[in-house]
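The structure appears below as structure tokens.
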Amino acid sequence: MALDPALITKTYEAIKPATMRTPTVHAARLSLHLGIDLYLKLENLQHTNAFKARGALAKLLTLSEGERAAGVIACSAGNHAQGVAYHASRLGIPAVIVMPEGTPFNKIKRTKDFGAEVVLHGTGFDEGVQFTHEMAAKKGMTFVHPFDDPVVAAGQGTVALEMLEQAPDLDVIVVPIGGGGLIAGMAVAAKSVKPEVQIIGAQAANFDAVKAAFDQVRPNFGGATLAEGIAVRAPAPANLAVIKSHVDRVETATEAEIEAAVFDLLSYEKIVAEGAAGAGLAVIEKHAKDLRGKKVGLVVCGGNIDSRLLSTLILRGLVRDGRITRLTFEIDDTPGQLSDISRIIGAAGANVIEVIHQRMMQSVSLKQAELEIVIEARDQSHVAETVSQLRDAGFKVRADSDLD
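Just so it is clear: in the sequence shown, position 224 is 224 by the UniProt record's numbering, and no numbers are missing.
Structure follows, in structure tokens:
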């Protein structure tokens, strides 16, 4: 079966009754910030909060009665697992999901909550997929691949059909890439509707297998990535062929850029997105000058980011923006110093979050103390104003931003 416009259109009609038609919204604040006209396709509002539910449903609807009775099996630690589990449960199909050992408990629980049996094996997708194939053969179950399947890719391609119905004058669509199913399906669908639309792929620089294949260079695989949903070492060959023929270019983003982009989606647009979607925005931010004057669409492919990770990311973003910063003082160890400093910070309109008063370490003289105060300010210029007022009052103080 070939991934072509006819298959995507047929798949769209099949999954439409049980798929959310997610909105494509104008990102007003980010557009102003970046100087482009940016639109966001909110697949983080999809069933299971990710686009993967589309492809999973598409595949399940092609099964015969015998295959449905035997059940399905998938290998995934995240969005594909939940998409298969959700729609299999809804359709009354038994489902087994193979997840890597060490998968966070909340992901395991959410998958089980949809009625699937979870089997833990291996340390990642590449290690677990062979085990899953063997288990599928042993149990007589149908293996639902997360991206190496034309029907699954067709299901993901329906995102583009909706985007171009909702925003037909898009000039560019930016799509995160892992195994290539989403961008392959979307590129085929988009080019069939609007041949002149530009398709740009986005990858994490630590896992750039598709860009490497696209540019015919050696890939990079190294370290952890916030965009774990697209951290794929071996994209499907069929998807790579489609990408080379239908995608205009593929760009990458560093971990720092991805982290900042996830924070920007939350800060500017109040949208919770996972790292894969952050990679897409990071590429847009990185190439904003080239995109000036164009109407750009971004697939916010999922919103399943760990809440603890998100809280840390928010705090780091506030530090990066200068809204939270640390001030370090060398003060005389006499009464009233902390009170005077607090009064000046408050009068400047900043807020004290944390205080560490250090006397015993030998970094300062015996009759002095080191004082660290974490403050919340409006921005970096507000921090500079606050520090200036403290120095005018005679205090020896440095801000973390002074070290940049």
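Using N, Cα and C, we set each Cβ at its ideal position, and we do this for glycine too.
Per-residue DSSP class, three states only, for residue i
i    : result
F329 : strand
F207 : strand
N79  : helix
K396 : strand
H145 : coil
I305 : coil
V355 : strand
A369 : strand
A50  : strand
V188 : helix
S64  : coil
V193 : helix
M135 : helix
A2   : coil
R21  : coil
T123 : coil
T312 : helix
G181 : helix
L32  : helix
G92  : coil
G102 : coil
L57  : helix
G128 : helix
L170 : coil
G317 : helix
Sequence-distant residues of its chain with Cβ nearer than 6 Å to residue i (five each side left out)
i    : result
G115 : S89
K52  : N79, H80, G83
R68  : I93
E228 : none
N351 : E376
Q389 : I344, A348
I305 : E274
A70  : G140, M141
L161 : Y12, A189
A14  : L61
L338 : none
G56  : The identity of residue 56 in the sequence shown is Ala, whereas the question assumes Gly. The answer, listed in chain order, is G83, V84, H87.
L291 : I36
E150 : It is worth fixing the name first, because residue 150 is Pro in this sequence and not Glu. For P150, where only same-chain residues beyond five positions count, the Cβ hits under 6 Å are M1, L3.
F322 : One detail in the question is off: residue 322 reads as Gly in this sequence, not Phe. Around G322: D379, Q380, V383.
V355 : I373
Boundaries of the alpha helix (DSSP H) in which residue i is found, first to last residue
i           : result
D37         : Where D37 is concerned, there is no enclosing alpha helix (DSSP H), although the beta strand (DSSP E) it sits in stretches over 37–42.
L390        : 380–392
V151        : 150–166
T24         : Not the alpha helix (DSSP H): T24 falls in the beta strand (DSSP E), residues 24–26.
residue 406 : Since the first residue shown for the chain is 1 and the last is 404, residue 406 is missing from the structure and cannot be characterised.
R110        : 105–113
Endpoints, beta strand (DSSP E) assigned at residue i
i    : result
K289 : Careful: K289 lies outside any beta strand (DSSP E), inside the alpha helix (DSSP H) at 288–291.
L120 : 117–120
T11  : It is not in any beta strand (DSSP E) - T11 instead sits in the alpha helix (DSSP H) that spans 5–15.
Residues bridged to residue i [DSSP beta-bridge criterion]
i    : result
P176 : A202
I97  : A74, V118
V300 : L42
V374 : R326, E354
Close Cβ partners of residue i (< 8 Å) along its chain, the five nearest in sequence each way excluded
i    : result
D169 : K295
Y268 : A27, R29, L30, H33
I97  : I73, A74, C75, S76, A81, V84, A85, T111, A116, E117, V118, V119
V197 : L164, L170, D171, V172, I173, A190, K191
Contact test: residue i Cβ vs the ligand ATP heavy atom, cutoff 7 Å
i    : result
D148 : Summarising the ligand content, the structure contains no ligands, and the ligand ATP is consequently not present.
Proximal residues to residue i (C-beta, below 7 Å), its chain only, five neighbours per side dropped
i    : result
T9   : none
G179 : P146, F147, D148, V232, P235, A236, N239
M20  : L45, Q46, H47
I177 : I183, G201, A202, Q203, V210, I230, V250
N220 : A205, N206, D208
G287 : Here residue 287 turns out to be His, not Gly, going by the sequence shown. So the list reads E251, once near-sequence residues are dropped.
Closer than 8 Å to chain D by CB, residue i
i    : result
T328 : In summary, chain D is missing from the structure at hand, where a single protein chain is found.
### Task
Note down, one range per segment and in chain order, each alpha helix (DSSP H) of at least 4 residues found wholly within the region 212–297.
237–246, 255–269, 275–286, 288–291
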